[in-house]
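A.B. asks:
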Amino acid sequence: MDDITARYNRFSGLKCLLYPDTLRALAAQEMPFPLIWHIYPTNGCTHHCPWCIMAEEQKLNPTSLPRELYERAIRDAARTRALTVHLSGGGEPLLHQWTPHAILLAKSLHLKVAMSTNGSPMTIVGPEFIARHVDYLRVSLNAASPITHAHVSGLDRPDLDNIISAIVRIVDERNARGIPHDIGVGFVIVKENVHEIVPAIELARDLGVDFIHIRPAYLPAEDGEELREICLGLDRELFESYCTPTFTVHFRVDKFRGYWTPRTYSRCWASPIHAVLKATGEFIVCQDRLDLTFGDYATQSFEEIWHSQEHRRVLDSIDLDTCPRCVSNTINEVVQHVIIEDRMRSALI
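When you number the sequence shown by the working numbering, it's gap-free, plus one each residue, and the end is 1012.
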């Protein structure tokens, strides 16, 4: 990977610098409206990955977002000038029967649509529909062979070939229509699939997608330490040697800064950049802290929830020592060191 691609890509947290007014509001501990909404349409899933952070939630509280709340979330995102809605989980977003309508509604309101899917229901919804209407697509493969894929996905029988077939149809449809690409596959590293990282890179490249996103699973305690040692021993240069002008390998561990290394910021500044709506109708402060909930979307307006004292109390209660990883490390560092401490001396342009 060349230096420019390494610095400036879809996974770089530095893109937050495009929104300085929001960063300054965060630094002042104000509550700007979120730039992106993560919506969990359902807790149900066709896969049963043993390392999934939603596994207990799916067992204890299986549910789907009512259609009226799903629609309201899309409209509220547009009304409060969010940039993107990200349909994810939770569970598998394509299992919710209203998801195709939500995608079309979001597009009609000039929102970008991102989707993270395990890929298994794509043939039901229609790969061509996804190709035409989803702006940013990531399909979780987590393996290169059907047997390993079934094992790490908690499946009784393999379905990797069906997922690959759907990806091929999406790529072909975008190529045929001249639709700009932003299609990738995900590979979450656990010790059971680490031997298939390179074959998965080769598979992704041959499928014609734009990138593969390789990252560690979210594993606490002893399992997390073992995975840390595995990841630190991986050959990043080998992975990135597969990059081409049309295909990029992203090996990312930056979410684990502050878990595998000391944190350099004093509090969680970044949370209000994201709205995360669970299938239960509650909001959570980020995609990892399922325990920090606030609001009841069924009975309150979004403004009431977002600007409530409850929301502020939940944010103030975040103990960084109990956050094993952070999806917004870079944003937190930028607010702390660039906006508040002015370490870069912003007046010296």
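The beta-carbon is built from N, C-alpha and C at its ideal position, and this holds for glycine as well. Computed from a predicted model, the values in this text were never measured in an experiment.
Under 8 Å by Cβ, that's how I've got methionine 785 and alanine 839 pegged, so tell me the actual separation to the nearest angstrom.
C.D. replies: Going by Cβ atoms, the distance from methionine 785 to alanine 839 rounds to 17 Å, so no, they are not a contact pair.
A.B. asks: Going by the CB atoms, is the gap between histidine 937 and isoleucine 716 shorter than 7 Å?
C.D. replies: No, Cβ-Cβ distance for isoleucine 716 and histidine 937 is not below 7 Å.
A.B. asks: Per DSSP, what are the beta-bridge partners of leucine 750 in this structure?
C.D. replies: Per DSSP, Ile702, Met778.
A.B. asks: Three or more C-beta pairs under 8 Å: does that hold for the segment 718-728 against the segment 942-960?
C.D. replies: Taking 8 Å as the limit for Cβ pairs, the verdict is that the segment 942-960 does touch the segment 718-728.
A.B. asks: For the candidate residues Thr668, Leu680, Glu693, whose alpha-carbon lies nearest to that of aspartate 979?
C.D. replies: Ranking the options by Cα distance to aspartate 979, first place goes to Glu693.
A.B. asks: Can you give the beta carbon distance from leucine 758 to glycine 707, rounded, assuming they're within the 8 Å contact cut?
C.D. replies: Correct: roughly 5 Å between the Cβ atoms.
A.B. asks: Nearest-angstrom Cα distance between arginine 820 and histidine 814?
C.D. replies: If you take the alpha carbons of arginine 820 and histidine 814, they lie about 9 Å apart.
A.B. asks: So the alpha helix (DSSP H) alanine 741 belongs to, where does it begin and stop?
C.D. replies: First-last of the alpha helix (DSSP H) with alanine 741: 730-742.
A.B. asks: Strictly by DSSP, which residues pair up with histidine 937?
C.D. replies: Partner(s): Ile699.
A.B. asks: Please classify isoleucine 1002 as buried or exposed, where buried requires at least 16 neighbouring CB atoms within 10 angstroms.
C.D. replies: Counting Cβ neighbours within 10 Å, isoleucine 1002 comes out buried, since at least 16 surround it.
A.B. asks: Could you name the residues that DSSP lists as bridge partners for aspartate 955?
C.D. replies: Checking the sequence, you will find leucine at residue 955 rather than aspartate. DSSP, once it has assigned bridges, lists no residue as partnering leucine 955.
A.B. asks: Would you mind giving the Cβ-Cβ distance between phenylalanine 874 and phenylalanine 910, rounded to the nearest angstrom? I have them listed as a contact below 8 Å.
C.D. replies: Going by Cβ atoms, the distance from phenylalanine 874 to phenylalanine 910 rounds to 7 Å, so yes, they are a contact pair.
A.B. asks: Comparing C-alpha positions only, which one of Ile842, His844, Leu897 sits nearest to histidine 858?
C.D. replies: The residue with the shortest Cα to Cα distance from histidine 858 is Leu897.
A.B. asks: I need the straight-line Cα distance from glycine 871 to lysine 775, nearest angstrom please.
C.D. replies: Glycine 871 and lysine 775: Cα-Cα distance of roughly 22 Å.
A.B. asks: Could you spell out where the alpha helix (DSSP H) holding serine 803 opens and where it closes?
C.D. replies: From DSSP, serine 803 is part of no alpha helix (DSSP H) but of the beta strand (DSSP E) over 799-803.
A.B. asks: If you pair each beta-carbon of the segment 671-688 with each one of the segment 992-1001, do three or more pairs fall below 8 Å?
C.D. replies: Yes, they touch.
A.B. asks: With respect to 6 Å, is the separation between the Cβ of threonine 962 and the closest non-hydrogen atom of the ligand MG below this value?
C.D. replies: Questions concerning the ligand MG fall outside what the structure shown contains, since it holds no ligand whatsoever.
A.B. asks: Am I right that isoleucine 826 and glycine 782 are in contact with their C-beta atoms under 8 Å? What's the rounded C-beta distance?
C.D. replies: So it is a contact: roughly 4 Å between Cβ atoms.
A.B. asks: Kindly indicate which three-state DSSP category glycine 1095 falls into: helix, strand or coil?
C.D. replies: This structure gives no information on residue 1095, because the portion of the chain shown stretches from 664 to 1012.
A.B. asks: So who's on the other strand from valine 851, going by DSSP bridges?
C.D. replies: Beta-bridge pairing links valine 851 to Arg878.
A.B. asks: For leucine 681 versus tyrosine 960, is the C-beta distance shorter than 7 Å?
C.D. replies: It is not a contact, given that the beta carbons lie outside the stated cut-off.
A.B. asks: In the structure shown, what three-state DSSP assignment does phenylalanine 674 receive?
C.D. replies: In the structure shown, phenylalanine 674 sits in coil (DSSP, three-state: anything other than H, G, I, E or B).
A.B. asks: DSSP on valine 872, reduced to helix/strand/coil?
C.D. replies: The answer is coil: DSSP assigns valine 872 none of H, G, I, E or B.
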